[in-house]
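Have a look at the structure below, then the notes.
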Amino acid sequence: MNDKYHILLRKQIKKIIGYESDYDLLPAQVKTILDLVNKTYFQNENEKILLGRSIDISSREYKESIEKINKMQAQILSNEKMAGIGQLSAGIAHEINNPLSFVLGNMNMIKKYFVKIKALYELNKELVENYDKCSVEDLKNKVFEISKYIKDNDFDYIAEDLDDVTNDGKEGINRIAKIVKSLLNFARKGYEEEFTRYDINGGIRDTLTIANNAIKYSANVNEELNDVPCVQVIAGQINQVILNLIINATHAIKSKGVLGNITVKTYYDEKYVYCEIADDGCGISEKHINKIFEPFFTTKQVGEGTGLGLSIAHDIIVGKHNGNIEVKSIVGEGTKFIISLPIDR
Ligand SMILES: Nc1ncnc2c1ncn2[C@@H]1O[C@H](COP(=O)(O)OP(=O)(O)OP(=O)(O)O)[C@@H](O)[C@H]1O
Ligand SMILES: [Mg+2]
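Positions 935 to 1279 (our numbering) are the ones given, in order, by the sequence shown.
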């Protein structure tokens, strides 16, 4: 029976000897060798099928893994965004609470002054309504009573202080309004996924306002924001990058243990708008500087940093916006990050 031999083996033998042989007629020794070769052919065939199947499974698994990774990346990105805002939220509440408590204090002062002013008004009203019915003596007494009341309650001081109290209150309310506006801008832009016109100076100001409480105990911020053209970006993502860089700068200064400086500067040339964020913190060692954009690279304590801030920043600036992010650092002296965003996207 010829068909017990693998078709490829049969074809090969036919090619060599020129015709289809009747294998039963072959000498026993040749048949033994042929049987062995035949077995290998069938084994190979099985292995090929198995390999094909396993490649199939692997490529399906590979596709699933890529999908999983993409999902995880999106999750990490949004977690990181939330973590940034979450970490700041206590500080933001504090920032609002400070002016709020002095506005409340001022309101109480105004209320106290108002009670006195009202009493003075009543005294005055009584005098005005009754002056034609009073004797000169009564009138004198009334006027004396009023001027004594004014003196006893230090109305000169009240008039002056009321001016200060209302001005301070107005300042406090403006401060709260500014924080709330920045927060709204930041939150609203956080949900946008589209490219829109973006004024980087406005984004920087909003970011500094909501990060103020996290920065102010460690660093003074110098703003050197020059007039620059608007760029087309996903605004929330650029704000997130600026926030990450500013928080990193604050941490670098904090680790030095002295009050430091952060300088945020903007400028442009014919192709790019630039934003520099420089600090005089601890700096980055040569050993680490090539790793800082890698995901999960961190020199911070467990729980303090995930090591994702800069890798996300790189992905956003370079991957999504065709821009660039550069770093210059001297250990012990400080670090400067320079972001560039193309004007013509
Ligand atoms: N301005 C800086 N000065 C000194 N070192 C810095 C500065 N910015 C980043 N680094 C170094 O780069 C590392 C990676 O920064 P990255 O922002 O990616 O992560 P992280 O700040 O450690 O954690 P995360 O941002 O996820 O909370 C930091 O741990 C730090 O060692
Ligand atoms: Mg960081």
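Glycine residues also receive a C-beta, built at the ideal position from the N, C-alpha and C atoms. Source: prediction; values computed, not measured.
Beta-carbon proximity of residue i to residue j, cut-off 9 angstroms
| i | j | result |
| --- | --- | --- |
| Leu1275 | Gly1253 | no |
| Glu1260 | Gly1241 | no |
| Asp1203 | Gly1268 | no |
| Thr1143 | Lys1123 | no |
| Tyr957 | Lys948 | no |
| Gly1266 | Asn1178 | no |
Counterpart residues of residue i in DSSP-defined beta bridges
| i | result |
| --- | --- |
| Cys1209 | Thr1200, Ile1273 |
| Ser1263 | Thr1269 |
| Gln1166 | Arg1131 |
| Gly1194 | Ala1153 |
| Glu1238 | None, per the DSSP bridge assignment. |
Residue i CB to nearest heavy atom of ligand 1 below 8 angstroms
| i | result |
| --- | --- |
| Gly1025 | no |
| Ala1153 | no |
| Asn1178 | yes |
| Glu1260 | no |
Candidates the options: closest to residue i by CA position
| i | options | result |
| --- | --- | --- |
| Val1198 | Tyr1206, Gly1191, Gly1137, Ile1223 | Gly1137 |
| Glu1158 | Gly1170, Asp1140, Asn1135 | Asn1135 |
| Ser1116 | Ile1030, Lys1104, Phe1271 | Ile1030 |
| Asp1221 | Tyr1091, Ile1180, Ser1263 | Before going further, note that residue 1221 is Lys rather than Asp in the sequence given. That would be Ser1263, whose Cα lies nearest to the Cα of Lys1221. |
| Gly1103 | Asn1042, Lys945, Ile1218 | Asn1042 |
| Thr1233 | Lys1050, Tyr1083, Glu1063, Ser1189 | Ser1189 |
| Phe1129 | Leu1096, Gln1171, Tyr1091 | Gln1171 |
| Asn1154 | Tyr953, Phe1120, Ile1107, Ala1212 | Ala1212 |
| Ile1149 | Gly1194, Gln1166, Ile1107, Cys1216 | Gly1194 |
| Glu1060 | Ile1044, Leu1038, Ile1080, Ile1168 | Ile1080 |
| Leu1098 | Glu1001, Gly1237, Asn1040, Val1114 | One detail in the question is off: residue 1098 reads as Asp in this sequence, not Leu. Residue Asn1040 is the option with its Cα nearest to Asp1098. |
| Gln1174 | Leu960, Tyr1206, Asp1140 | Asp1140 |
| Ile1026 | Tyr996, Asn1147, Asn1156, Ala1183 | Asn1147 |
Span of the alpha helix (DSSP H) around residue i
| i | result |
| --- | --- |
| Asn1173 | 1169-1188 |
| Phe1089 | 1089-1125 |
| Ile1218 | No alpha helix (DSSP H) holds Ile1218; DSSP gives it neither H nor E. |
Residue i Cβ short of 8 angstroms to ligand 2 heavy atom set
| i | result |
| --- | --- |
| Gly1217 | no |
| His1185 | yes |
| Leu1275 | no |
| Gly1020 | no |
Start-to-end residues for the beta strand (DSSP E) that takes in residue i
| i | result |
| --- | --- |
| Asn1224 | Note, Asn1224: premise wrong, no beta strand (DSSP E); not H, not E. |
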